Structures are given as C-alpha cells and as structure tokens.
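Residue numbers (our numbering): 30 to 281.
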C-alpha cells in the first residue's frame with residue numbers, strides 16, 4: 030500500500046511539473062511531498078538532488094532558460110541582461126560556442142554550482158538605474174517572441190546600457206562596438222528615460238558617442254527632451270585590460 034502511494038506521488042510530480050526545469054522543496058510540498066519524502070525519493074533514484082533543497086527528474090535535460098526561470102523565484106529582479114539579452118532579441122556578433130550567460134538582479138547572490146555547471150554564467154547586481162517609478166522599471170524587462178514563457182529579459186535599450194556598463198571589465202571594447210553597430214529600431218523615449226536615470230557616466234557617454242557615430246538615435250533630440258546624466262565637465266578616462274585608454278568627453 031505504501032509503495033503504491035509513493036508511486037502515485039511520483040506520478041503526480043511527473044504530471045504536475047515541467048520537464049527541463051528544476052524544482053524546490055516548496056514546490057514539492059505544494060504537491061503533497063514533504064522535504065523528508067523528497068530526500069528519500071532522491072536516495073531511491075526517483076529524484077536527483079541538484080543542491081540544497083533543489084531537485085530534478087532523473088535523466089532530465091535541464092534547459093538553461095528553464096533554470097533561469099527557477100532562479101527568478103529566488104532572486105529579486107533576476108533577468109537575462111546585457112549582451113545575452115541583446116542576443117535573444119536577435120542582436121549578436123560572432124558568438125562563442127558557449128557564450129557566458131549574463132544575469133542581472135537586485136542584491137548579492139552567488140549562482141549555485143548546479144547552475145554554472147549547466148551553462149557558463151555570471152551574475153551582476155550593480156545599481157545601474159535610479160528608477161523614477163516601479164512601472165517604468167518593469168516595462169524595461171520583457172519576454173522576446175519565441176522564448177521560454179515567463180523568462181525575464183532586458184529590452185534592447187536597457188540591455189545596451191547594461192552591456193556598456195561592463196566595457197573594460199567583462200566586455201571588450203571592440204566586440205561591444207561591433208554589437209552596438211547591429212542595433213536597430215531603438216525607441217527614443219525609452220532610451221531617453223533610461224539615460225536620464227542611468228548612474229554610470231561611462232555607459233551614458235559611450236552610448237551617446239556611439240549613437241552619434243552610428244546614427245542609432247538623434248543625440249541632440251535626446252539632449253533636448255531628457256535630462257541626461259553625463260557627469261562633470263571633465264573627461265572620463267580609464268585604462269582597459271588590453272592596456273589601451275578609453276577617453277569619453279561629457280558632450281561627445
């Protein structure tokens with residue numbers, strides 16, 4: 030009788046949970062399986078324990094995006110950002126075989142080992158924007174057409190500033206410029222509002238400089254319509270990892 034009950038619970042799990050996505054103890058408990066029972070099922074080989082309180086089905090091929098959706102329930106504001114977000118919007122340049130997945134979120138967080146063994150990834154929690162309101166912040170995260178339902182991804186305008194913020198640390202200048210040149214159909218109002226609340230002088234100045242050079246947006250129109258943060262009147266100078274200097278003027 031007990032064995033039949035256990036098989037019934039496992040069958041309920043298989044029918045109630047999506048394949049390719051991990052699940053936690055809270056999810057199992059909502060389906061009538063206690064933490065103790067989950068531990069037992071893992072020992073018996075009916076579940077696989079990925080980490081503390083995190084499980085998957087044996088032999089299940091976990092999807093990186095399904096795993097991100099799971100982490101979204103754990104980390105405030107977690108979303109795919111920067112160059113990874115632009116790639117999901119169709120903007121990319123010579124992507125490597127296993128490109129690092131860039132995730133942004135609010136507050137400190139260490140990506141679990143089971144996740145980084147699934148896909149190369151890094152997590153960023155910099156305070157890049159002083160949001161004027163929560164509604165605008167939420168409007169700059171979306172799910173691109175054809176992607177996993179519920180996956181949170183920066184819009185191209187937000188993703189671009191996230192990418193520029195990491196130039197000189199994780200993103201190389203030349204590669205970033207190549208990606209920037211592939212940008213199309215930017216929304217002036219969204220870009221302007223983001224520039225107005227962006228806290229990174231480097232990201233803002235680089236965006237304006239390259240927008241002038243590529244014709245992505247009318248920079249003079251941006252200045253006329255929005256209070257854009259370009260910092261002081263001094264030049265922003267930084268030495269990049271390759272030894273070169275990046276110099277950005279306030280109104281370049």
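Even for Gly, the Cβ is constructed at its ideal location relative to N, Cα and C. On a predicted model such as this, the values are computed, not experimentally measured, just so you know.
Self-check item: Exposure label - residue 44; buried when at least 16 CB within 10 Å
Solution: exposed
Exercise. For residue 160, name the three-state secondary structure that DSSP assigns.
Key: coil
Self-check item: Counted within 10 angstroms of its Cβ, other Cβ atoms place residue 111 as buried (16 or more) or exposed
Solution: buried
Practice problem: Check each candidate in 53, 246, 184 and name the one with the smallest Cα separation from residue 80. | Solution: 53
Quiz item: Can you check whether the CB of residue 248 is closer than 8 Å to the CB of residue 237?
Solution: yes
Self-check item: Endpoints, the alpha helix (DSSP H) within which residue 95 is located
Solution: 93-101
Practice problem: Inspect the beta-carbon positions of residue 118 and residue 185 and report whether they are closer than 8 Å. | Solution: yes
Exercise. Verify the CB distance criterion: does residue 89 have a CB-CB separation below 8 Å to chain D?
Key: Absent from the structure is chain D; it holds one protein chain and no more.
Quiz prompt | In DSSP terms, what residue 53 is bridged to | solution = 83
Quiz item: Cα-Cα, which of 101, 96, 57 is closest to residue 82?
Solution: 57
Practice problem: Evaluate residue 250 with the Cβ neighbour count: other Cβ atoms within 10 Å of its Cβ, from every protein chain shown; 16 or more gives buried, anything less gives exposed. | Solution: exposed
Quiz item: With contact counted as at least three CB pairs below 8 Å, one residue from each stretch, are the stretch 162-178 and the stretch 199-213 in contact?
Solution: no
Practice problem: Taking residue 361 as part of the beta strand (DSSP E), name the residues at either end of that continuous run. | Solution: This structure leaves residue 361 out entirely; the chain is present only between 30 and 281.
Exercise. With a 10 Å radius around its C-beta and 16 neighbouring C-beta atoms as the bar for buried, classify residue 139 as buried or exposed.
Key: exposed
Self-check item: Bridge-paired residues (DSSP) for residue 47
Solution: Paired residue(s): none; residue 47 is not in a bridge.
Quiz item: residue 183 and residue 169: beta carbons closer than 8 Å?
Solution: yes
Quiz item: Would you say residue 223 and residue 194 are within 8 Å of each other, going by their C-beta atoms?
Solution: no
Practice problem: Report the option in 188, 51, 167 whose CA atom is closest to the CA atom of residue 116. | Solution: 188
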